[in-house]
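S.K.: The structure's right below; bear with me while I get my questions together.
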Amino acid sequence: PGADLKVTGIDFLKSQNSRLHHTDAYNIKNLVVRRGQAFQLQLTFSRELKAADKLALRFGIGEKPMKPRGTLMSLNPRREQDFSGWQISIIKNSGKECLVSVTSSPSAPVGKYTLNVKTGTNIYKPENDAVYLLFNPWCEGDVVFLSDEAQRKEYVLNDTGCIYVGSAYSMYNRPWNFGQFEEFVLDACMYLLDKSNLRLSSRRDPVFVSRAMSALVNANDDSGVLLGNWSGNYDRGTSPLDWIGSVSILQQYYKTKKPVCYGQCWVFAGVLTTVMRCLGIPSRCVSNFNSAHDTDENLRVDIYLNEFGEKLNQMSLDSVWNFHVWNDVWMKRTDLPSGFDGWQAIDSTPQEQSQGTFQCGPCPLKAVREGDVYLPFDSKFVYAEVNADKVYWLVKKVNGKDKYIRISTETQGIGVNISTKAVGKDEREDITTQYKFPEGSEQERKAMQKASSFIRPPGMGVRARFASTVPMDDMDSKPEVLRDTVSKTGLQLEITNTEALYPGNPLELAITVKTAAPGSWTINLAGSCQLQSYTGKVEASLGYIKETVKLEGNSEAKVPLKIAADSYMKTLALVEDEVLIHITAIAEVQGTEDKLTNEKTMRFEYPPITVQMPETAQLNEEFACAFIFKNKLNVPLDNCKLLVEGLGIFKMATFDQGNVKPGRIIKSEIICTPTRVGEKKIVAKLTSAQVKAISVEKAITITE
């Protein structure tokens, strides 16, 4: 009976453990568990386990696991608790079988552990010896603990969602499949953790992990996941608009270990959400409309217009993007003074280096809101994105030299309608108040003063620093505190469209000029229409008006601005990005100082894709899903592609539809077999030379 004790097998009890650890959706053979929570293992021995027998379960992480470094945990059920904060106990010992319970430390390094079992001098290595350990938002002892179950479902477990894009005036959502449970995605995240060169002890902390991942999702310093490209030419890769989710990006990256081409901000944010949710850090995509890319952090963006109201591209290093997408991640900030726990902004779009690398965050939302911009990481940068001012300049030629005349200042146009998908429903949630106090409130003024004292060199007034790109002697005004332009005549400008903006139709636009004060006013009005990409880059100038309008007292005049279809259709087909319609108006009241600018960005409207399929289907039983699109535009759509994907139903597929003439209907059908139960979403996207991104999503419930 004193024969050597040997382990003959280990059952990882995967289905029971993964259900309790909310990891049952991961498409992987290995056991995946979350830290700080018990899981069970069933050991089988060569004989019954006796009180005198030596037994140790050894969990190791990294190249050379060692006890003193806390990277090797040797757990002995008969000894006192291990110093590492891990625990083990025997639940049931009968015959040759022994059921043990293991609880990892809630601050254990996250990653891939190997398990072996030592009995006396024998060591047993199971065949599938890797156990994946993740962050645990369900565990109160974990710094990523999130108390609300509905939020955990959305921010950790939801593998579909949408990202808000467009413009502040016409926002819309782009469906996005995060797909954090799909094949190879978890392994891709583990590969990124190894590539990050984070010390194993730093892998305990979501602050370090999320910062490292914000660097690795872009390819700029470290041959990370995605190569950014805003050039408008995507021949050598996939256009950023042709992705419908993160899965094919991460799978391709894991297979080739080379950056995937190409990404723009919503693609970076979609992939970073996938990586965070996959590792167990609650995460959401955040869209900031009218996002300031304020290169010298002086809290102002200068916009230069010519006398027709056309924006001049090359003048300014600063820019205002129609939208920019980053991420929020949820965690306690044990590295900061108290009060900065909760949502933190991180951003993987390569814009500016932080500590020598293209990375950004985590930055507490509370630090942005309160103006505490000295707190790490990158809070000045995030603060400027949502709080800069816009200053408009008119550039006129005087005696052959450019003269800059300040037209107006707008302090409330940047950082509006900050949006994310609502918890548990397909709706937009506005989270602007989590980033900033209401415009014009006393708290906002205080936060602005506090932030300004850290952002600007001392001696500069609040909101008063001049465009460094322009020589001072060409200025006709002195630096002073910037305030919204106040008008004597009650001058107002409104920009509208009088017909739906369908590609192939003329753009019927109008600029309305209003005055409120008594008297006769003569107004010089200029208005222009341009096409621009979402980063504010002008792609084409389509036309302008220059008129003199006479108004009496409290009255208004509506001036039409009409753009023929053939003046913009060529640009639509040439530019590989989705373009937006940008209208700028400048009004000047003769004989007064009253000057005003207004600008508005609108998107084209498109016919819809319809999806035909049953509302419910059964697991492993096939059903048909049809995608129908009718070209209701009066122009042909060239080189149409339909991209479709349904997580847990079918892999991404592409249908080439060729050229679709006006009035033509295309129909594509896919026969699919669901592999997972629950509510699943099917996403479809149509792209063509002229129209870049019509998308639709539809839900189906899969039952056992």
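Residue numbering for the sequence shown follows full-length UniProt numbering, starting at 1 and increasing by one per position.
Ideal placement from N, C-alpha and C gives every residue a C-beta, glycine not left out.
What you are looking at is a predicted structure, and each value in this text was computed from that prediction instead of being measured.
1. Go ahead and label T8 buried or exposed: buried means 16 or more other beta carbons lie within 10 angstroms of its beta carbon, across all protein chains shown.
2. So, using beta-carbon positions, are residue 719 and L20 closer together than 9 Å?
3. One question on the structure: do W266 and I163 come within less than 9 Å of each other, judged by their Cβ atoms?
4. Have a look at P614, V286, F323, V271 and flag the residue whose alpha-carbon is nearest the alpha-carbon of K167.
5. With DSSP run on the structure shown, which of helix, strand or coil describes G224?
6. Could you give the residue range of the alpha helix (DSSP H) that holds V486?
7. Can you list, in chain order, the residues of its chain with a C-beta nearer than 7 Å to that of N128? Leave out the 5 residues immediately preceding and following it.
8. Just checking, does the region 324-331 make contact with the region 276-293 on the three C-beta pairs under 8 Å criterion?
9. Is there contact here, the region 588-600 with the region 639-648, by at least three beta-carbon pairs under 8 Å?
10. F184: which of Q37, S15, L394, Q252 sits nearest, CA to CA?
11. Could you tell me which uninterrupted beta strand (DSSP E) segments, each at least 3 residues in length, are contained entirely in the region 645-678, listed from first to last along the chain?
12. Can you tell me where the beta strand (DSSP E) holding G543 begins and where it ends?
13. By how many angstroms is the C-alpha of T44 removed from the C-alpha of D53?
14. Shorter than 9 Å from the beta carbon of I346 to some beta carbon of chain B?
15. Could you please give me the residues that DSSP links to M602 through a beta bridge?
16. Among W243, Q449, M569, which residue has its Cα nearest to the Cα of L531?
17. Thinking just about the alpha-carbon of each residue, which of Q492, V538, G553 is nearest to the one in P518?
18. Between which two residues does the beta strand (DSSP E) carrying G161 extend?
19. To which residues of the same chain is A684 closer than 6 Å at the C-beta, ignoring the five residues directly before and after it?
20. Is it true that the region 609-618 meets the region 686-704, where meeting means three or more beta-carbon pairs spaced less than 8 Å apart?
21. Closer than 7 Å by C-beta to S84: which residues in its own chain qualify, once you throw out the five before and the five after it? Chain order, please.
22. Can the beta-carbon of V395 be found less than 9 Å from the beta-carbon of A150?
23. What's the gap between the Cα of N327 and the Cα of S291?
24. Hey, how far is the Cα of Y435 from the Cα of G342?
25. Could you tell me whether the Cβ atoms of N639 and G504 are closer together than 9 Å?
26. Measure from the alpha carbon of V247 to the alpha carbon of each residue in M171, L186, E622, C672, then state which is nearest.
27. Looking at the structure shown, is C529 part of a helix, part of a strand, or coil, going by DSSP?
28. At which residues does the alpha helix (DSSP H) containing T256 begin and terminate?
29. Report the CB separation of E508 from K562 in whole angstroms; it is logged as a contact under 8 Å.
30. Whose C-beta lies closer than 6 Å to the C-beta of S520 among residues of the same chain, with five residues either side of it excluded?
31. Does DSSP put T349 in a helix, in a strand, or in coil?
32. Comparing C-alpha positions only, which one of V691, A447, D294, E576 sits nearest to K366?
33. Distance check for K6 and T119, CA to CA, integer angstroms please.
34. Quick one: Cα of F39 to Cα of D11, how far?
35. The alpha helix (DSSP H) that contains P206, what's its start and end?
36. Could you tell me the alpha carbon to alpha carbon distance between G678 and G141, rounded to whole angstroms?
M.R.: On the basis of the supplied data:
1. exposed
2. Here the chain has residues from 1 to 704 only, and residue 719 is not among them.
3. yes
4. Lys is not the amino acid found at residue 167; the sequence shown has Ser there. Comparing Cα positions, the closest option is F323.
5. coil
6. Neither: V486 is in no alpha helix (DSSP H) and is coded neither H nor E.
7. K29, N30
8. yes
9. no
10. Q252
11. 650-660, 665-672
12. 538-552
13. 14 Å
14. The displayed structure is made up of one protein chain only, and chain B is not part of it.
15. I581
16. M569
17. G553
18. 160-166
19. I609, F627, V644, V696
20. yes
21. G70, M73, S105
22. no
23. 14 Å
24. 12 Å
25. no
26. L186
27. strand
28. 247-256
29. 6 Å
30. E552
31. coil
32. A447
33. 6 Å
34. 12 Å
35. 206-216
36. 30 Å
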